[in-house]
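Each residue of the sequence shown is one higher than the one before, starting from 209 at the first, in this note's numbering.
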Amino acid sequence: MPDSVSELLQRNERHARRFENERFEGVQDGQAPGAVTVCCSDSRVLQDEMFENRTPGDIFTVGAIGNRVFEETAEGLAVSGDVLYPLVHADTSTAVVIGHTGCGAVTATYKDIRGEIEEPAGIRHCIDLLKRRLTDGVAALPDGFEESEAINRLVEYNVDQQVAFLRESDDVPVDIDVVGVVYDFQDVYSDERGLVHVVNVDGVRDPDRIEEERPELAGRVRRLWTY
Ligand SMILES: [Zn+2]
């Protein structure tokens, strides 16, 4: 675990040595990544590693607690520039929202909806934004779940909401493929830690319908909560 800047710099030296200069040829002056991923910043969720992203120029990566795709702007809620940039300026045609089991941001939002919690202003801001899209989900959660089970269902709901926000926004080109997945390292969906499970494709949440419409995803679609 890197607990100092010098340790990080040593890792970076190894990175540069391993990459060799030719890895950047063809992308030194521009980029056209095939996909943009919007992943929770949680240190346990390895955004690049999960998709074997080791080639410069392949994937535009956005990290935000609670994998939020929107921001409060002077004109109201809008898709964050961090997410929008590759979609409107770099010909990126696929957007993937990545939630994860046991998400701390979703947990904090869940707790705040059920009774206010205290956080510094910056975190408060993130929770307040998530709350706008998660309050209805908390109200709709079936009774009888333990807290961790409720939260993992809300993780799916949050991914659904982020996918919906992208699809509803006039800023996002209409032909973008928007997919929502959940990264599991807690054996909630399967015992294969690190696997992502598809929960939403272009707004469709029904696993059977997704597999029917997108046979190439067969076997990778799984939901805890169908509502
Ligand atoms: Zn998280």
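Glycine included, C-beta positions come from ideal geometry on N, C-alpha and C.
All values derive from a computational prediction rather than experimental measurement.
Supposed close pair residue i, residue j - CB separation, criterion 8 Å
i    : j    : result
V277 : V246 : 5 Å
V270 : D290 : 5 Å
V404 : M209 : Actually they are not in contact, since the Cβ atoms of V404 and M209 sit about 24 Å apart, beyond 8 Å.
V304 : D379 : No, V304 and D379 are not in contact; Cβ-Cβ is about 18 Å, not under 8 Å.
I335 : D320 : 5 Å
Q370 : N275 : 6 Å
I273 : A329 : About 14 Å separates the two Cβ atoms, so there is no contact after all.
DSSP state of residue i mapped onto helix, strand, coil
i    : result
A303 : strand
F268 : strand
D317 : In the sequence as presented, Asp is not what sits at residue 317; that position holds Thr. T317: helix per DSSP, three-state reduction.
G330 : helix
T343 : helix
G388 : strand
N360 : helix
G374 : Inspection of the sequence shows that residue 374 is occupied by Leu rather than by Gly. L374 falls in the helix class under three-state DSSP.
A298 : coil
Whether residue i touches residue j by CB criterion (9 Å)
i    : j    : result
V389 : V412 : no
D256 : T309 : no
N366 : L349 : no
T302 : I418 : no
D410 : T434 : no
F268 : A243 : yes
P264 : R225 : no
E280 : H333 : yes
Those residues which DSSP pairs with residue i across a bridge
i    : result
G284 : T281
Beta-carbon contacts of residue i that lie in its chain and below 6 Å, excluding the five residues immediately before and after
i    : result
C311 : C248 and V363
V396 : T309 and N360
F373 : V277 and F278
T315 : I359
Cβ shell of residue i (< 8 Å), same chain only, five flanking positions each side left out
i    : result
V253 : C247, I306, H308, Y391 and F393
S356 : G310
Close beta carbons around residue i, own chain, < 7 Å, minus the five adjacent residues each side
i    : result
R422 : V409
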